[in-house]
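Some notes on the structure that comes next.
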Amino acid sequence: MPKHLLIVESPAKAKTINKYLGKDFTVLASYGHVRDLVPKEGAVDPEHGFAMRYELIDKNEKHVEAIAKAAREAEAVWLATDPDREGEAISWHIAEILKERGLLDGKPLHRVVFTEITPRAIREAIAQPRQIAAELVDAQQARRALDYLVGFNLSPVLWRKVQPGLSAGRVQSPALRMIVEREEEIEAFQAREYWTIAAELAHPAQPFSAKLVRLDGQKFEQFTITDGESAEAARLRIQQAAGGALHVTDVASKERKRRPAPPFTTSTLQQEASRKLGFTTRKTMQVAQKLYEGVTLGEEGTVGLITYMRTDSVNLSQEALAELRDVIARDFGTQSLPDRPNFYQTKSKNAQEAHEAIRPTSALRTPAQVARYLTEDERKLYELIWKRAVASQMVPATLNTVSVDLAAGNEHTFRATGTTVVFPGFLAVYEEGKDTRSAEDEDEGRKLPALRPGDRVPLDRIHADQHFTQPPPRYTEAALVKALEEYGIGRPSTYASIIQTLLMRKYAEMEGRALKPTDVGRAVSKFLSSHFTRYVDYDFTARMEDELDAVSRGEESWVPVMEKFWGPFKELVEDKKQSLDRTDAGSARVLGVDPKTGKEVSARIGRFGPMVQIGTVEDEEKPRFASLQPGQSIYSITLEEALKLFDMPRVLGESNGQQVSVGIGRFGPFVKRGSTYASLKKEDDPYKIDLARAVALIEEKEEIARNRVIKEFPGSDIQVLNGRFGPYISDGKLNGRIPKDRDPASLTLEEVQQLLAETGKPARRGFAARKTAAKKAAEAKAPAKKAAKKATTKTATKKAAARKTTAKKATGKAADAAADDAPPF
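Per UniProt numbering, the sequence shown starts with residue 1, numbered consecutively.
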């Protein structure tokens, strides 16, 4: 039996490291976090020093048991989880579990970290063990406790005041506010008209264009001309003054340097992968994780290709710098190599983050050399990281910008500019992507013909062009990450999960590559901004992050930080619970009056989502409600559009002696005949659909139902059926797969029985049935789980009890909300 047990987070990393260590080591994975707060109220106790009650995470219990079994027989335990605050906390949790089971008595416990999965890095880490860093654990505990307390106390207020099932996260909420405020800026934007005037010049060597910069002796600015009539008059004046040619009055040439960008941090990698590769932040981190944990490179074996990908450092090790310089000299020439390495400054003071930027573990492994071992996404991201790291250590690019002024008479001046690359420097390898292009960017690569003052350049034509100012763009994932980083909100490990949470909670949705807030998201943000202003304030959230960082550096104690936050927050929550009623939710928008009834028409967030309402709760008659259609918003819907929604359901006529109608339900528009419902297609408008089209949709649905059964077997419950994803076998309790090479209609009873036994899985029988089955399974498992929990930790609680009542299911939602800002495990 190996003498040493080394514990990492992921099985892929464990597999890679296991190849590097000798037979004296067993390497096991924790599969991320092993414990979390119990999913019920009181998991964090502010009255007793914010004591935290933990329990094993269900899905990782078997991995904990494997670790415990190996630890029992090992002579020493090595904790090698990730080199950040989360990793430190995981190591601490594992150590606590093993201590509680008496598995560390008389055994050395070592904490080791490595920012790259290479033989050298692992040998160095093993040679320099340390103790678990208490200050990093405290910082993570404080962050987790804060997220829990915010989620558990703020989310129920949202349930009562806005809509059931909502959540509010400590970092998620300011991020949502950014998206919502940008949407409001876009809606409030008033476009302004303006005109530009340009000249097209027919120089014999090379035609080129020039922009008007001086009109009638005055500087020509963006809003100098704001209508077409004035623009045409100005164009004619200039054309007449020019007399068929422009005269060169000034030629200026300026050489400048452009310096390379620093190597990647987590946020800059996410931004650049979004801009250049179209990756989401989540996808970027998933692919980077694979590159970090290890890829099999033929005879070389499995090796980590990049350093740890959660970092806000732009530093590079001396070894990495030396190797990068060797590659630059070899592949791009000594003229591309600066006299000394380039060093970059980071804004972050975070001691808990890895101390190197994201870089290739060996610059000698070029993208071309490893491409055949990688998936397409892995290849693209590795190439991006390799090029950025190499370029960061190259000389600046030398650019030359030429600016030429050309006169049309004495009162009007045009200007043409062009920029050429004199020496590419780092641009030979890499150029940073940009969200928007400046005028300087547009001139780059544009060459002007040789011109001197006094030259006469033939004029082809002068044209005036109409423009309108544009609203600010919605946030892309890259732009949001950049904004969060600039404000100091969140940290490298949280950006991807913040965005994922907003999408998962349906507070925002992707429209193309941009983040658009949903009506529910806007209602939540407006409510929090109105009543919990301080806690969605950007500066307050950033200061809170700074205090947590101070804890991680050992400069502050975590309990006083928690106390300073908790007192005012709890007081405000209690006050709002008492003072607010449902009408304070901030989502209601009065649209006008219904001409038929004289009652108020409003748009609001209802129990089941965005809706319009005729009447109020104060009226004698109950209000009437109608759900919004896809694409409609309570913040932009008009009175006319709202009243149209109440035309549903609409009777279209009769078919087969039964009434045919069209309506709009929770899941979209539908047509109905008797007991048959059929959803409308994308191209169908519920307000324009006719009887013939409705009948066609219904009969198509009935035809599918009639053809659902492919084959039956007399005396058996087993059927061969057509399903949404193709043919399958079912006996009502189990569903089984059919081999792709078999004709479903040709299957025999013996064959379907065997297939059902081999591939059968419980049939999906609706929410209520699944809920009952899950409850029975939980109750059956409860006694064994209870015994295991007692052995695991004194602070653990009975999980079965937490699942028995509706109230405790609600606290489970609050626990989910409390974890919204935690990174994925």
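Each residue gets a CB set at the ideal place from its N, CA and C atoms; glycine is no exception.
>> I'd like to know whether the C-beta atoms of I605 and I634 end up nearer to each other than 8 Å.
In response: Result yes, Cβ atoms of I605 and I634 sit closer than 8 Å.
> What residues match up with M394 in a beta bridge as DSSP calls it?
Replying inline: For M394, DSSP records no beta bridge to any residue.
>> If I follow the unbroken alpha helix (DSSP H) through D546, where does it start and stop?
In response: According to the DSSP assignment, D546 belongs to the alpha helix (DSSP H) that extends over 538–552.
> Going straight from the alpha carbon of D609 to that of S627, what length do you get?
Replying inline: Looking at the sequence itself, residue 609 is Gly, so the reference to Asp does not match. When rounded, the distance between both Cα atoms is 8 Å.
> Helix, strand or coil for A696 per DSSP?
Replying inline: Helix, per DSSP.
>> Measuring straight from C-alpha to C-alpha, what distance separates S629 and F667?
In response: Inspection of the sequence shows that residue 629 is occupied by Gln rather than by Ser. Straight-line Cα distance between these residues: approximately 10 Å.
> Can you tell me whether DSSP reads Q369 as helix, strand or coil?
Replying inline: Helix, per DSSP.
>> Let me check one thing: in DSSP terms, what residues is R673 bridge-paired to?
In response: According to DSSP, which records beta bridges pairwise, R673 is partnered with V660, T676.
> Which residue spans inside the segment 457–521 form an unbroken alpha helix (DSSP H) run of at least 4?
Replying inline: Runs of the alpha helix (DSSP H) lying entirely within the segment 457–521, each at least 4 residues long, are 477–487, 495–504 in chain order.
> Can you tell me whether DSSP reads W195 as helix, strand or coil?
Replying inline: In this structure, DSSP gives W195 an extended state, which the three-state scheme calls strand.
>> With DSSP as the reference, identify every bridge partner of S655, one or two as the case may be.
In response: S655 pairs with Q658.
> First and last residue of the beta strand (DSSP E) that includes G418?
Replying inline: Run containing G418: 412–423, per the beta strand (DSSP E) assignment.
> Per DSSP, Y728 is paired with what?
Replying inline: Looking at the DSSP assignment, Y728 forms a beta bridge with L721.
> In terms of residues, what are the limits of the alpha helix (DSSP H) holding G87?
Replying inline: Taken as a continuous stretch (DSSP letters only), the alpha helix (DSSP H) holding G87 covers 85–100.
> Cα separation between L5 and T476?
Replying inline: Taking the straight line from one Cα to the other gives about 44 Å.
>> Quick check: the Cα distance between A363 and L321, rounded to an integer number of angstroms?
In response: Our two residues, A363 and L321, have alpha carbons roughly 9 Å apart in a direct line.
> In whole angstroms, what is the alpha-carbon distance linking A12 and T346?
Replying inline: Each residue's Cα considered, the two are about 31 Å apart.
>> Excluding the 5 residues flanking S10 on each side, which residues of the same chain have their C-beta closer than 8 Å to its C-beta?
In response: Counting only Cβ-Cβ distances below 8 Å, and skipping sequence neighbours, we find A29, Y31, G32, Q289, E293.
>> Three Cβ pairs or more, each shorter than 8 Å: is that satisfied between the segment 136–143 and the segment 540–554?
In response: Taking one beta carbon from each stretch, the segment 136–143 and the segment 540–554 have 3 or more pairs nearer than 8 Å; the two touch.
>> Closest to I57 by C-alpha separation, out of A66, A71, R452, L37, would be which residue?
In response: Comparing Cα positions, the closest option is L37.
>> Check for me: the beta strand (DSSP E) holding Y54 runs from which residue to which?
In response: Y54 -> beta strand (DSSP E) spans 54–56.
>> Just to confirm my understanding: we take E712, look at its own chain, exclude 5 residues before and 5 after, and list those with CB closer than 6 Å. What are they?
In response: Once the five neighbours on either side are set aside, the close Cβ partners of E712 are Q719.
> By how many angstroms is the C-alpha of V612 removed from the C-alpha of R589?
Replying inline: Whole-angstrom Cα-Cα distance: 9 Å.
> Quick one, which of E563, V422, S716 has its alpha-carbon nearest F50's?
Replying inline: Looking at the Cα atoms, E563 is the closest of the given residues.
> According to DSSP, is I710 helix, strand or coil?
Replying inline: Assigned with DSSP and collapsed to three states, I710 falls in strand.
>> If distances are taken between C-alpha atoms only, which option among Q335, Y373, I328 comes closest to E299?
In response: With distances taken between Cα atoms, E299 lies closest to Y373.
> Mind checking whether P260 and A357 have CB atoms under 8 Å apart?
Replying inline: Taking 8 Å as the Cβ cut-off, P260 and A357 do not qualify as a contacting pair.
> Given that a residue counts as buried once 16 or more other Cβ atoms are within 10 Å of its Cβ, and exposed if not, what is residue 857?
Replying inline: One cannot answer for residue 857 here, as it falls past the ends of the chain, which runs 1 to 825.
> Exposed or buried, what is F152 when buried is set at 16 or more other beta-carbons lying within 10 Å of its beta-carbon?
Replying inline: Answer is buried; the Cβ neighbour count reaches 16.
>> Just to confirm before moving on: does the CB-CB distance between P691 and L652 stay below 8 Å?
In response: Note on residue identity: the sequence assigns Leu, not Pro, to residue 691. It is a contact, given that the beta carbons lie within the stated cut-off.
> Mind checking H531: buried by the 16 CB within 10 Å criterion, or exposed?
Replying inline: Buried, since its Cβ has 16 or more Cβ neighbours within 10 Å.
>> What does DSSP give as the partner residue(s) for G668 in the beta ladder?
In response: G668 pairs with G665.
>> In whole angstroms, give me the CA-to-CA distance for L515 and Q286.
In response: Just so you know, the alpha carbons of L515 and Q286 end up roughly 20 Å apart.
> Rounded C-beta distance between V402 and T417? I'm assuming under 8 Å.
Replying inline: About 7 Å separates the beta carbon of V402 from that of T417, a gap short enough to meet the 8 Å contact definition.
> Looking only at its own chain, which residues have a Cβ that is under 6 Å from the Cβ of A819, when we skip the five neighbours before and after it?
Replying inline: Unreliable positioning characterises A819 in this predicted model, as indicated by a pLDDT of 40, which lies under 50. A coordinate reading is not provided.
> Just the Cα atoms here: how many angstroms apart are Q239 and R461?
Replying inline: Computed Cα separation, rounded: 8 Å.
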